[in-house]
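Numbering-wise (numbering that gives the first Met the number 0), the sequence shown opens with residue 0 and increments by one. All residues carry an ideal CB built from backbone N, CA and C; glycine is no exception. Let me begin by presenting the structure, written as structure tokens, before commenting on it.
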Amino acid sequence: MTEAILHIGQHKTGTSSIQRSLGAVDRKLDCLNFRYLNGKIRNHSFIISPAFGNKNSLSYYRKLKFGHGIPFRKMTRDEARMVLRNEVKSAQQSNQKIVISAEDFCALKHEEVQDARDFFVNCGVSKFKVIGYFRGVQSWANSFSQQIIKQGNATLEDVFERVPYPMYRELFEKFLEVFGRSNVSLNPYEKAALAEGCVVRDFLQRSGLEVPNEHFSLINVNSSLNSYQVQIASYMTELYRQKGWKNRQELSRTFHRVGLDQTSQKFYLPSKVISQALVHARADADWLVSVTGIEHDFLLGHKEKDCEDLFNACIKRSDIAHIAMLAFER
């Protein structure tokens, strides 16, 4: 019997920390009861997407990325499925669980999730445990807005006009229907609710993965920008659009190579923008409450600070010039 642990996100719930921590564990240790999928990259979205996704059907992901689809890389469907098939076989031979972590599981449609389950069953998987995490609407909107601005996929004006919000039902319902409610664990991404206040420890506990402390290093990944850095990222994207430049994706890498104003406050969206997100997400929040029992206040509460004055900071020309120079050097 082989058990598959499928970590499905959602986006912005500590996925990179889980992937980096588990991906760093020595796979040759005899004491491990699991095998973290070896796909040459710790983020398994780059395998799951070509294995089961369809470019014409990933509408959810495109909506959130303002027109940018899932990165399929150069792996074909047959190549991706061969990797998965071989990894499941290796887990079977070692009597281990197979662990797959891919936020892009959530971007698959119902029939594609069913296809994925059928594929794994045909490979010899006899038991599934699907684990997902979710943030409250305000927390998620703040975090995801910052990410798409940092990546050059949106400006502050874009976010203000069409604020991202979590579509809980579209994300999670298909897993409940395909795998069965008893095999799906949906959990709040909140420090007080996580084992030891850590999403990595929480994931290990919920999935029953055993890693001796002497062989495990906890890797926390936090790539957030402050309010000033977000304003610069937004301004740079405006310039990229005006000039027709092609390499705006370099912004994401460049911001972590320069020393900008570190005294600026943490990035938060203005309350009027958050209010729009709360209205849009109401029906989804009601659905998630009905299936998990989570409190409405966790999902729809206005818990974080507001930043009503995002445009008042004086952006330094020297910072813009420095970032542009580094981006074009790449």
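Taking 8 Å as the upper bound for CB-CB distance, Ser44 and Glu102 are in contact here, some 6 Å apart. The continuous alpha helix (DSSP H) containing Glu110 extends over residues 109 to 122.
The way I'd put it, the stretch 156 to 174 doesn't touch the stretch 84 to 101; fewer than three beta-carbon pairs between them come closer than 8 Å. Remark: C-beta atoms of Arg41 and Gln18 approach each other more closely than 8 Å. Using a Cβ distance threshold of 8 Å, Gln137 and Lys271 do not count as a contacting pair. Val98 is bridged by DSSP to Ile4, Tyr35.
The residue among Pro269, Ser233, His279, Val210 with its C-alpha nearest the C-alpha of Gly22 is Val210.
Boundaries of the beta strand (DSSP E) harbouring Leu185: 183 to 187, taken from the DSSP string. Membership of Tyr167 in the alpha helix (DSSP H) is indicated by the continuous run 167 to 178. The stretch 104 to 122 makes contact with the stretch 76 to 93: 3 or more CB pairs, one atom from each, lie closer than 8 Å. In the DSSP assignment, Gly52 is bridged to no other residue.
Excluding the 5 residues flanking it on each side, Ser223 has same chain C-beta neighbours closer than 8 Å at Ser142, Gln145, Lys265, Phe266, in chain order. Comparing C-alpha distances from Cys30 to each of Asn94, Gly8, Thr75, Val278 shows the shortest one belongs to Asn94.
Residues of the same chain with a CB within less than 7 Å of the CB of Asn219, apart from the 5 flanking positions on each side, are Ser16 in chain order. Going by DSSP, Arg134 is part of no alpha helix (DSSP H) at all; its letter is neither H nor E. For Ile273, the enclosing alpha helix (DSSP H) stretches over residues 270 to 279. In the three-state scheme derived from DSSP, where H, G and I count as helix and E and B as strand, Lys190 is classed as helix. With a contact defined as Cβ atoms closer than 8 Å, Thr12 and Val198 qualify at about 7 Å. For Val199, the uninterrupted alpha helix (DSSP H) run begins and ends at 198 to 206, by DSSP. Non-local beta-carbon contacts of Ile47 in its own chain, meaning distances under 8 Å to residues more than five positions away in sequence, involve Ala79, Ile99, Ala101, Asp103, Phe104, Leu107, Ala115 in chain order. About 7 Å separates the CB atoms of Val24 and His214; that is less than 8 Å, so the two are in contact.
The Cβ neighbour count for Ser181, taken over all protein chains shown within 10 Å, is under 16; the residue is labelled exposed.
Rounded to whole angstroms, the separation of the alpha carbons of Arg205 and Glu111 is 25 Å.
A Cβ-Cβ contact shorter than 8 Å links Ile7 with Phe174.
A residue is called buried once 16 or more other Cβ atoms fall within 10 Å of its Cβ, and Asn221, having fewer, is exposed. A residue is called buried once 16 or more other Cβ atoms fall within 10 Å of its Cβ, and Lys126, having fewer, is exposed.
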